[in-house]
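Quick notes on the structure that follows.
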Amino acid sequence: MLRKAIVKGSIFLISLVVVISILNSIFILKSDYRSKQVEGLYKHTGNSFDVALMGSSHMQGGIDPNVLWHEQGITSYDYAMGGQPIDVTYYLLKEVLKNHDIPVVVVDLYYLGLTDEYGDEGYVRNTLDNINFSLNKLSAIVNCTPPEGRLYYLFPVLKYHDRWKTLSRQDIQFDSSKKYYAKGFVSGTEKYGKDYSSNTLTTENADLPPKTEKYLRKIIALSQKDGFKLILTNLPYDYNSTAGSVSWVQEPAKMFNTVAEIAKENNIPFINYNDKLTEIGFDFKNDMFNSSHLNIWGANKISKDLATFLKDHYSLVDHRSDDKYAQWNIDYLSSQAASISEQD
1244 MLRKAIVKGS IFLISLVVVI SILNSIFILK SDYRSKQVEG LYKHTGNSFD VALMGSSHMQ
1304 GGIDPNVLWH EQGITSYDYA MGGQPIDVTY YLLKEVLKNH DIPVVVVDLY YLGLTDEYGD
1364 EGYVRNTLDN INFSLNKLSA IVNCTPPEGR LYYLFPVLKY HDRWKTLSRQ DIQFDSSKKY
1424 YAKGFVSGTE KYGKDYSSNT LTTENADLPP KTEKYLRKII ALSQKDGFKL ILTNLPYDYN
1484 STAGSVSWVQ EPAKMFNTVA EIAKENNIPF INYNDKLTEI GFDFKNDMFN SSHLNIWGAN
1544 KISKDLATFL KDHYSLVDHR SDDKYAQWNI DYLSSQAASI SEQD
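Start counting at 1 in the sequence shown, then tack on 1243, and there's your number in my numbering.
Structure representation (structure tokens):
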């Protein structure tokens, strides 16, 4: 009798989990963020990509996989999400590594400056709602979200149950492949029109916020444990864009000097592009979308520079002449990078 009860109970729990998972996938918001994660995490797995690009909107609109491909035949995917705190990046990276054999990971560190304990809920949900349930997701919820909201991250259907009135065929038969050609990248097409206003020329250091330093070091430890090559970046932005924010470090230039020391201690390259603007011919007025984000022209310059760095420092195969990668050439033709090449 006891064995039958255990079997029945187990079947019930498994069935309940399956039903809730199906409901969660139907009720969560369908956006480009869902498309990019479904495609990048769960549809194109194994050794699909040479490089994983991680971080917040700075990376999402900063490094273009289609440029890395066009320049050096490097395959990559941009997993970055707008507003993504570094702790969420850590757990997303773990999810990436569960499904992919990726030799090189590039992490942008803009969100090291966040001083709040937790990131904005909407931004955090863009990532966590679109990760399949696992112990990794459970750990992310426990460590990256406030206690009072964790049940709603665990069961998003509770958060979005009112959407039943507006559910459509897309919610049930969601097509995530439409924008796969972009490999997760999207950048602005307007020009900021203003000069860089902050001073980066300092040799002084400043402490990182305790939580963000903890997760930076966890990412470094993960690279050492799993054996992938880690590159840290700070993509161009005006440090004054966060001046006066109660949720941000007050001296980012000094904080990134500390990051440089941590990177050096661990023999990890740290590319601070704010220190390379002149070297790569970066024009802040015309290569930025706003004070914090690159536009498509700026992303093209940074991506070309990173492509050269990857070629010079890592044994990555140029796949451009390999017939198995023919779709990458086709996808490039639909990319933002190809569109501005046609304009030049």
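Beta carbons are placed, not taken as given, at the ideal position from N, Cα and C, and that holds for glycine. Predicted model only: the values in this text are computed from it and were never measured.
What residue from His-1562, Asp-1565 and Asp-1548 has the CA that sits closest to Asp-1307's CA? Among His-1562, Asp-1565 and Asp-1548, the Cα nearest to that of Asp-1307 belongs to Asp-1548.
Quick check on DSSP: helix, strand or coil for Asp-1574? When secondary structure is reduced to three states using DSSP, Asp-1574 falls in the helix class.
Can you grab the Cα-Cα spacing for the pair Gly-1304 / Phe-1376, in whole Å? Between Gly-1304 and Phe-1376, the alpha-carbon positions lie close to 28 Å from each other.
I'd like the list of long-range same chain contacts for Asn-1533, defined as Cβ closer than 6 Å, with 5 residues on each side in sequence excluded. Cβ within range, chain order: Tyr-1435.
Under the assumption that Tyr-1353 contacts Ser-1299 (Cβ atoms under 8 Å), give the Cβ distance between them as a whole number of angstroms. Sure, about 6 Å apart at Cβ, within 8 Å.
Rounded to whole angstroms, how far is the Cβ of Ile-1317 from the Cβ of Val-1349, which I believe are closer than 8 Å? Between Val-1349 and Ile-1317 the Cβ distance is about 11 Å, and since that is not below 8 Å, they are no contact.
For my contact list, Leu-1284 and Asn-1369 are in at a C-beta cut-off of 8 Å; report their separation, rounded to the angstrom. Rounded to the nearest angstrom, the Cβ distance from Leu-1284 to Asn-1369 is 13 Å, too far for a contact under 8 Å.
Across the stretch 1550-1564 and the stretch 1447-1458, are there enough close Cβ pairs to call them in contact, namely three or more that are closer than 8 Å? The stretch 1550-1564 and the stretch 1447-1458 do not touch, with fewer than 3 CB-CB distances between them shorter than 8 Å.
Quick check on this structure: which residue in Asp-1330, Met-1531 and Ser-1578 has the alpha carbon closest to the alpha carbon of Pro-1452? Ranking the options by Cα distance to Pro-1452, first place goes to Asp-1330.
Could you give the distance in angstroms between the alpha-carbon of Leu-1394 and the alpha-carbon of Ile-1249? Per the coordinates, the alpha-carbon of Leu-1394 lies some 26 Å from the alpha-carbon of Ile-1249.
Where DSSP assigns a beta bridge to Met-1302, which residues make up the other side? DSSP lists no partner for Met-1302.
Taking the alpha carbon of Gln-1570 as the point to measure from, which residue in Gly-1431, Glu-1508, Ala-1464 and Tyr-1423 has its own alpha carbon closest? The residue with the shortest Cα to Cα distance from Gln-1570 is Tyr-1423.
The beta strand (DSSP E) with Thr-1446 in it runs from where to where? No beta strand (DSSP E) contains Thr-1446, which DSSP labels as neither H nor E.
Grouping DSSP H, G and I as helix and E and B as strand, with all else coil, what is Leu-1311? For Leu-1311, the three-state secondary structure derived from DSSP is helix.
Would you say Ala-1580 and Asn-1373 are within 9 Å of each other, going by their C-beta atoms? Inclusion of Ala-1580 and Asn-1373 in the CB contact set at 9 Å is not warranted, their separation being larger than that value.
Assigned secondary structure, Val-1348 (DSSP; H/G/I helix, E/B strand, else coil): Shown here, Val-1348 sits in a strand according to DSSP, grouped into three states.
Provide the residue span of the alpha helix (DSSP H) that contains Lys-1472, from first to last. Where Lys-1472 is concerned, there is no enclosing alpha helix (DSSP H), although the beta strand (DSSP E) it sits in stretches over 1472-1477.
Based on DSSP bridge pairs, tell me the residues matched to His-1343. Note: His-1343 sits in a beta bridge opposite Gly-1289.
At what residues does the alpha helix (DSSP H) containing Met-1498 begin and finish? Per DSSP, Met-1498 belongs to the alpha helix (DSSP H) from 1495-1508.
Do Glu-1447 and Asn-1500 come within 9 Å of each other at the CB atom, strictly closer than that value? Cβ atoms of Asn-1500 and Glu-1447: closer than 9 Å.
Excluding five sequence neighbours on each side, which residues of the same chain lie with their C-beta closer than 7 Å to the C-beta of Asp-1344? Contacts found: Gly-1289 and Asn-1290.
What would DSSP say about Asn-1538, mapped onto helix, strand or coil? Correct three-state label for Asn-1538: strand.
Closest residue to Ser-1484 among Asn-1477, Leu-1475 and Pro-1495 (Cα-Cα distance): Measuring from the Cα of Ser-1484, the nearest candidate turns out to be Pro-1495.
Residue span of the beta strand (DSSP E) that contains Asn-1369, given as start and end: Unbroken run through Asn-1369 is the alpha helix (DSSP H), 1364-1371; no beta strand (DSSP E).
If you draw a straight line from the alpha carbon of Ile-1505 to that of Arg-1246, how long is it in whole angstroms? If you take the alpha carbons of Ile-1505 and Arg-1246, they lie about 55 Å apart.
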